[in-house]
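Novice: Below you'll find the structure I mean.
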Amino acid sequence: MLALGCGCALTVPAAAPAPADLAAKLLGVDAAQQDVWKRAAKAGVLEVAPVHLPVNPPGDCNHYGWPVATMAGDALIVMHRRIPGHRAKGAGGPHPKMSYGIVLRSTDGGKTWSPPYDLRDCMKPADRNRGGVVPLSHRAKFDKGNQSPLGYKVHLHAIGTARNGAVVAVNNHGVFRSEDAGRTWKHFSRALREDTFKHPIINIGPRIVDDPKRGLLVFGNWFGEVDQYHKYSEKLVALNSRDGGASWGVEEHPVGFKQYEPAALLHGGRYLLVTRDQNQVRAHRQMTWRPGQKPVVTATNLRDPRLVDTVDLSFNPLTKRLEMVRSERHRMQLWLWSIDPADWATGQWRRECRLLARAGRFYAQADGFHPAGAVIDPQRGVQHIFIYTGHPNGPAGVFRITRTLRTDKLKETLTLSP
Numbered sequence: 010m011l012a013l014g015c016g017c018a019l020t021v022p023a024a025a026p027a028p029a030d031l032a033a034k035l036l037g038v039d040a041a042q043q044d045v046w047k048r049a050a051k052a053g054v055l056e057v058a059p060v061h062l063p064v065n066p067p068g069d070c071n072h073y074g075w076p077v078a079t080m081a082g083d084a085l086i087v088m089h090r091r092i093p094g095h096r097a098k099g100a101g102g103p104h105p106k107m108s109y110g111i112v113l114r115s116t117d118g119g120k121t122w123s124p125p126y127d128l129r130d131c132m133k134p135a136d137r138n139r140g141g142v143v144p145l146s147h148r149a150k151f152d153k154g155n156q157s158p159l160g161y162k163v164h165l166h167a168i169g170t171a172r173n174g175a176v177v178a179v180n181n182h183g184v185f186r187s188e189d190a191g192r193t194w195k196h197f198s199r200a201l202r203e204d205t206f207k208h209p210i211i212n213i214g215p216r217i218v219d220d221p222k223r224g225l226l227v228f229g230n231w232f233g234e235v236d237q238y239h240k241y242s243e244k245l246v247a248l249n250s251r252d253g254g255a256s257w258g259v260e261e262h263p264v265g266f267k268q269y270e271p272a273a274l275l276h277g278g279r280y281l282l283v284t285r286d287q288n289q290v291r292a293h294r295q296m297t298w299r300p301g302q303k304p305v306v307t308a309t310n311l312r313d314p315r316l317v318d319t320v321d322l323s324f325n326p327l328t329k330r331l332e333m334v335r336s337e338r339h340r341m342q343l344w345l346w347s348i349d350p351a352d353w354a355t356g357q358w359r360r361e362c363r364l365l366a367r368a369g370r371f372y373a374q375a376d377g378f379h380p381a382g383a384v385i386d387p388q389r390g391v392q393h394i395f396i397y398t399g400h401p402n403g404p405a406g407v408f409r410i411t412r413t414l415r416t417d418k419l420k421e422t423l424t425l426s427p
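10 is the number of the first residue of the sequence shown in my numbering; add one for each residue after it.
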């Protein structure tokens, strides 16, 4: 059901909206959508609930967005940004407590959440604000007069659970690791820092994979330098770490287009990736990759008039199909798609059902959704999808959409037309 009670420990002054009211405002859905969610909740196939809302945010940093998640044992760990906005104009300015690494954890399937923790709090003071309060890759947006090249050469973020159970997170502040399922964290001071990583800034996709032969893998593309914002290459770049995240090597291959935020999955002995085509920002393409080899690029039927978003890519153990959660930002909707793994090379996906539709025009009155970095929980038979939604200048908040892995039952219950 549409659960509008927030599990976070929030202090709400009398003048602030109650979390339920704020959640409804940020979601921006109409009565028809709420009725669909209620019907789905009653059938036990879908639940929508807040994770972290901007109640008492620091300064102008009331845009909580771009969540990614992983699971370690029975713990869900979510990481998101706390910044002034998606659109810089009108969003306000930076604040000492703005962060690109806010984490929360849950051990009851997302019903309740720990207090938020800022990963910068485990950094050395000299690293925390290296080059400025605004991290290196975002100075062109929120600190235009700061041309300092100091900082960590990462844009966006990724999270994953290693084979030994450790949680690793990479974001604009560097590389972090937790040995106790997200309770406590350490920062690798030198990893991906400008004096140790002699490469351009790398934009990264949402998932960290622990490869049995190559160690930790993070996928992305070169992004330019502090004075070259959004200067994409036409490469697939794979970072790999054999020491748990302390140091990183680079493997890069030409792919022939400006790709961005690839969602990666190790399946059938190869890496399957779905990435944004930034040439016109109107389509997603597939890449199939084996380490040491050039990726195979496939065109898909995943096309929109404009403004494609980062996707989540997973393998559903019940349906035995590859499934994708994908925004349609041109109409502010969220959809589930699928494909038989045997048909991967065709790039022809099946549109299954609509999970969410909200009011507003993207980047004007509405913002969302970045469903990337979702989590399959086979024990509970569900997928936890984490999104953000709200206004591009803030406020925006992080929400959980938990849906059954029985995609046929989900589709039948939602029965939404395109």
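Heads up, the beta-carbon is just placed ideally off N, CA and C, and yes, glycines get one too.
Under a three-way DSSP split, which group does residue 358 fall into?
Specialist: In this structure, residue 358 counts as coil in the three-state DSSP scheme.
Novice: Starting from the Cα of residue 4, find the closest Cα among 310, 146 and 201 and give me that residue.
Specialist: As displayed, the chain neither begins before 10 nor continues past 427, which places residue 4 out of reach and without an answer.
Novice: Taking C-beta to C-beta, are residue 179 and residue 213 nearer than 9 Å?
Specialist: Yes, Cβ-Cβ distance for residue 179 and residue 213 is below 9 Å.
Novice: Roughly how many angstroms separate the alpha carbons of residue 121 and residue 58, rounded to a whole number?
Specialist: Answer to the nearest angstrom: the Cα atoms are 10 Å apart.
Novice: Is residue 273 helix, strand or coil when you go by DSSP?
Specialist: Here residue 273 sits in strand by DSSP.
Novice: When you compare the CB positions of residue 149 and residue 236, do they come within less than 9 Å of one another, or not?
Specialist: In this structure, residue 236 lies closer than 9 Å to residue 149 by Cβ.
Novice: Determine the direct distance from the alpha carbon of residue 83 to that of residue 186, and round the result to whole angstroms.
Specialist: Approximately 18 Å between the Cα atoms of the pair.
Novice: Rounded to the nearest angstrom, what separates residue 156 and residue 416 at their Cα positions?
Specialist: Whole-angstrom Cα-Cα distance: 49 Å.
Novice: What three-state label does DSSP hand residue 134 in the structure shown?
Specialist: It is helical.
Novice: I'd like to know whether the C-beta atoms of residue 182 and residue 128 end up nearer to each other than 9 Å.
Specialist: Cβ distance < 9 Å, so residue 182 and residue 128 count as in contact.
Novice: Taking 9 Å as the cut-off, decide whether the C-beta atoms of residue 67 and residue 105 are in contact.
Specialist: Yes, they are a contact pair.
Novice: Return the CA-CA distance between residue 42 and residue 365, expressed in angstroms with no decimal places.
Specialist: Roughly 7 Å separates the two Cα atoms.
Novice: Please state the DSSP three-state secondary structure of residue 286.
Specialist: DSSP places residue 286 in strand when its eight states are reduced to three.
Novice: In this structure, what does DSSP give as the bridge partners for residue 341?
Specialist: Looking at the DSSP assignment, residue 341 forms no beta bridge with any residue, so it has no partner.
Novice: Only counting the same chain, and skipping five residues up and downstream in sequence, which positions put a Cβ closer than 6 Å to that of residue 170?
Specialist: Excluding sequence neighbours, residue 170 sits near 79, 81 and 176.
Novice: Can you tell me whether residue 244 is helix, strand or coil according to DSSP?
Specialist: If DSSP states are grouped into helix, strand and coil, residue 244 belongs with the strands.
Novice: What is the DSSP secondary structure of residue 373, reduced to helix, strand or coil?
Specialist: Looking at residue 373 - three-state DSSP - the assignment turns out to be coil, as it is neither helix nor strand.
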